[in-house]
Amino acid sequence: MIFTPCPGSKGTSVDEALATLQAADADALITLMPAEELARNEATQLAQLCAERGLEWFHLPVADEQVPLADFDQAWEQSADRINELLDAGKRIAIHCKGGSGRTGLIAARILIDRDVPRASAIASVQALRPKAIQHPAHVGWIERFGA
1 MIFTPCPGSK GTSVDEALAT LQAADADALI TLMPAEELAR NEATQLAQLC
51 AERGLEWFHL PVADEQVPLA DFDQAWEQSA DRINELLDAG KRIAIHCKGG
101 SGRTGLIAAR ILIDRDVPRA SAIASVQALR PKAIQHPAHV GWIERFGA
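Okay, structure coming up:
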């Protein structure tokens, strides 16, 4: 998995950021920002640009500084099997929120736990890349609901 900030938020266009992710061998992109946050960050064209580039796109919205709610759960139910198929096939998936740490780390840990990585190991793996991930009390409480 590749952890990244929102494509287009670090001085490049969204399309340039997607090209960079593809150069890093990303085959799919998980977007954790809700639609209104994508609009505020001028990234509403992510789905279209991913399709044009042949990147699979998954929209699993989680509000900033919050835990996943029903809209995430619904999207997760529709996407989790395909995400795991891609990972099983050795494909690389990029995950992003606004900054690439908080929500990104939380959902990366959830993916690892769902793939039978022990929760403590999943959190440690994420925090090795993003030390500030899974620090928010709500995030800690949410991730503790999964795995062992």
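Sequential numbering from 1 applies to the sequence shown in our numbering. A virtual CB, placed ideally from N, CA and C, is assigned to each residue, including glycine.
DSSP places Leu-29 in the uninterrupted beta strand (DSSP E) bounded by 26 to 31.
Leaving aside the five residues that flank Glu-65 on each side, the residues in its chain whose CB is nearer than 8 Å to its CB run, in chain order, Gly-102, His-136 and Ala-138. The beta carbons of Phe-3 and Gly-105 sit closer together than 8 Å.
Inter-residue distance for Ser-121 and Asp-114 is about 12 Å (C-alpha atoms, whole angstroms).
The stretch 26 to 42 makes contact with the stretch 5 to 16; the number of CB pairs closer than 8 Å reaches 3 or more.
With a beta-carbon spacing of about 6 Å, Val-14 and Leu-46 fall inside the 8 Å limit used to define contacts. With a 10 Å radius around the Cβ and a threshold of 16 neighbouring Cβ atoms, Gly-147 comes out buried. Classified as exposed, Pro-131 has fewer than 16 neighbouring CB atoms from the shown chains inside 10 Å of its CB. As the crow flies, the alpha-carbon of Ile-107 is around 15 Å from that of Arg-82. With 16 or more other Cβ atoms inside 10 Å of its own Cβ, Ala-26 counts as buried. If you check the CB distance, Asp-71 and Pro-61 come in under 8 Å. Around Thr-12, the same chain offers Thr-20 as residues with beta carbons nearer than 8 Å, after the five sequence neighbours per side are excluded.
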